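*Asks:* With the first letter of the sequence shown counted as 1, position 47 gets the number 37 in this note's numbering; the numbers rise by one all the way through. Cβ coordinates follow ideal geometry from the N, Cα and C atoms, glycine included. It should be emphasised that the depicted structure is a prediction, and the values quoted were computed from it without experimental measurement.
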Amino acid sequence: MKRELKFFKKHSELIDQYSKALKLLSINPHHRSLRLHAIKTKQCHSISINMQYRVLLTLRLMNDGKIVLIDIGNHDVYLN
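(1) Since leucine 46 and isoleucine 57 are thought to touch, with beta carbons under 8 angstroms apart, how far apart are those beta carbons, to the nearest angstrom?
(2) For serine 38 versus arginine 25, is the C-beta distance shorter than 8 angstroms?
(3) Might you give, ordered along the chain, the residues of its own chain that have their beta carbon closer than 6 angstroms to the beta carbon of serine 23, omitting 5 neighbours on each side?
(4) Out of His35, Gly63, Lys(-8), state which residue places its alpha-carbon closest to the alpha-carbon of leucine 15.
(5) How many Å lie between isoleucine 17 and phenylalanine -3 at the Cα?
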């Protein structure tokens, strides 16, 4: 993901938190610390890396368990 590389070039201190969030997402997408919630449509969701940064993703848990990351950033990622 091009945006992911660009984001971590500026915010390398968040790589460990991001990795932990993705690992937890793969184990239990509904874990409280991820603060998973729907955005705009039921196919677009957000999880928290920390209180400032979020990851947008699509969830297809009922069909094939597939999770597709869309974007990463602060609350401005919701605007795109």
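*Replies:* Based on what the coordinates show:
(1) On the sequence shown, residue 46 is found 56 positions in, with the first residue counted as 1. On the sequence shown, residue 57 is found 67 positions in, with the first residue counted as 1. Actually they are not in contact, since the Cβ atoms of leucine 46 and isoleucine 57 sit about 11 angstroms apart, beyond 8 angstroms.
(2) Mapped onto the sequence shown, residue 38 falls at position 48. Mapped onto the sequence shown, residue 25 falls at position 35. Yes, the Cβ-Cβ distance between serine 38 and arginine 25 is below 8 angstroms.
(3) Residue 23 sits at position 33 when you count from the first residue of the sequence shown. Excluding sequence neighbours, serine 23 sits near nothing in its chain.
(4) Position 25 of the sequence shown holds residue 15. Closest by alpha carbon: His35.
(5) On the sequence shown, position 27 is the one that residue 17 refers to. On the sequence shown, position 7 is the one that residue -3 refers to. C-alpha separation (whole angstroms): 24 angstroms.
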